[in-house]
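Read through the structure below, which is laid out as structure tokens, and then see the notes.
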Amino acid sequence: MKIILDAMGGDNAPREIVRGASEAAAAYKDAEIVLVGDAKKINETAEENRIDMSRLTIIHTEVAITMDDPAISCVRGKPDSSMAIGLKLVRDGADAFVSAGSTAALHAGSTLIVRKLPGVARSAIATILPFPRPLLLMDSGANPVVQPEYLAQWAVMGSVYMKKLMDVESPEVGLLSNGTEEHKGTAVGVDAYRMLSESSLNFAGNIESREIPFGACDVLVTDGFTGNVVLKLVEGMGKFMFAALKQMYTKNAATKMSFLVMKDQLKAMKKAFDASEYGGAPFLGLNKPVIKAHGNSDAAAIKNAVRQAIKYAESGVTAEIAEGVKAFAPSGGRPYEEANKDE
1221 MKIILDAMGG DNAPREIVRG ASEAAAAYKD AEIVLVGDAK KINETAEENR
1271 IDMSRLTIIH TEVAITMDDP AISCVRGKPD SSMAIGLKLV RDGADAFVSA
1321 GSTAALHAGS TLIVRKLPGV ARSAIATILP FPRPLLLMDS GANPVVQPEY
1371 LAQWAVMGSV YMKKLMDVES PEVGLLSNGT EEHKGTAVGV DAYRMLSESS
1421 LNFAGNIESR EIPFGACDVL VTDGFTGNVV LKLVEGMGKF MFAALKQMYT
1471 KNAATKMSFL VMKDQLKAMK KAFDASEYGG APFLGLNKPV IKAHGNSDAA
1521 AIKNAVRQAI KYAESGVTAE IAEGVKAFAP SGGRPYEEAN KDE
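Here the sequence shown is numbered in the working numbering, starting from 1221 and rising by one per residue.
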């Protein structure tokens, strides 16, 4: 099992990427961990932070994709960047790629280098929202403009993912909308509702955003713009609530005593709501696993992203997604054979 990491991608690169890679190499001894990036900077970082590099391999490049680079950078402009080289290594035989770099560049690069599965119209970012009933949100940022068949395909892909990797026997699929009635939402949403209603999926209907934390479904599909807004709102509200709890428990001597009683439970709750425990968000619909780690990932999040990449690569979920998409042709939608003709 060979996992490639983009050592130069993300807000905390290369330090946290290298640290996380080292921790992953120690924890998952059957995996070969390869860092792609500036060897001098990686080795200096390791020396300064006393990071064990004995189980890591470095592929050197001084080129990195920044957040200001255009999405197409992996193919045009910076084909020798750490992200582009990593994607090519996965295309040519490595098992998975992990990057905390630019989402737009990673999406475009993975689509053009790793390539989509046959019949997949668009790959999508699948992000787990860590509620008591974990919810897979897709798309969470890759495709701001969508067609109804994209949403229908993502429902299929998300159902396979939740069944194979999260052990949900019959995942419920919801369509994010501004009302539960089938006629609510945009024209794209209404058409997608019809497609999903006529499918063999376990379709729960339209889901309003206020129901997201309360176990409304297992897979929630929407366009990438709306999904990204939802994701960041959930992240922000989580931080706000824990900050409010901290302020409440440190207000005076009596509340501080209460905190000591509740300390372990609060730590457990915080960990349960920490999305970094899931490691990152896979691009579903590609030929090989590509994992997008959060831009501000620390070492723990990178380690968990490697764990997720290994689990994804071993699961066989890619083949099942391909079969699921191939079999899915809802009434009124384009046959799967035609799905790639737009590109």
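Glycine included, each C-beta is placed from N, C-alpha and C at the ideal position.
Because the structure is a prediction, the values reported are computed rather than measured.
- In the assembly as shown, A1529 is a buried residue. Its beta-carbon has 16 or more other beta-carbons within 10 Å.
- The Cβ neighbour count for A1473, taken over all protein chains shown within 10 Å, is under 16; the residue is labelled exposed.
- Burial check for V1318: the Cβ neighbour count within 10 Å reaches 16 or more, so the residue is buried.
- About 16 Å separates the beta carbons of A1375 and V1450, which is beyond the 8 Å limit, so they are not a contact pair.
- D1411 carries a helical assignment under DSSP once its states are collapsed to helix, strand and coil.
- In the structure shown, F1548 falls within a coil segment according to DSSP collapsed to helix, strand and coil.
- Taking L1385 as reference, the option from M1221, V1365 and T1538 with the minimal CA-CA separation is T1538.
- Here I1511 is bridged, per DSSP, to V1318 and P1502.
- Three or more Cβ pairs closer than 8 Å define a contact, and the stretch 1227-1234 meets that threshold against the stretch 1512-1530.
- Taking C-beta atoms under 8 Å as the contact rule, V1256 and D1289 fail to qualify, at a distance of about 16 Å.
- With contacts defined by Cβ atoms closer than 8 Å, V1510 and L1337 do not form a contacting pair.
- Assigned with DSSP and collapsed to three states, K1531 falls in helix.
- For V1256, the uninterrupted beta strand (DSSP E) segment begins and ends at E1252 to G1257.
- Nearest to V1365 by alpha-carbon distance, out of P1350, G1329, G1405 and F1445, is F1445.
- With a cut-off of 8 Å on Cβ pairs, the stretch 1462-1469 is not in contact with the stretch 1376-1383, counting fewer than three such pairs.
- A contact is defined here as three or more CB-CB pairs under 8 Å, and the stretch 1256-1272 meets this definition with respect to the stretch 1301-1310.
- Here the stretch 1429-1438 lies against the stretch 1345-1353, with 3 or more beta-carbon pairs under 8 Å apart.
- One alpha carbon belongs to V1439, the other to P1391, and they sit about 7 Å apart.
- The residues E1252, A1314 and D1315, in chain order, have a CB closer than 6 Å to that of K1222 in the same chain once the five nearest residues on each side in sequence are set aside.
- Rounded to the nearest angstrom, the gap between the Cα atoms of V1254 and K1298 is 20 Å.
- Less than 8 Å divides the Cβ of R1342 from the Cβ of Y1370.
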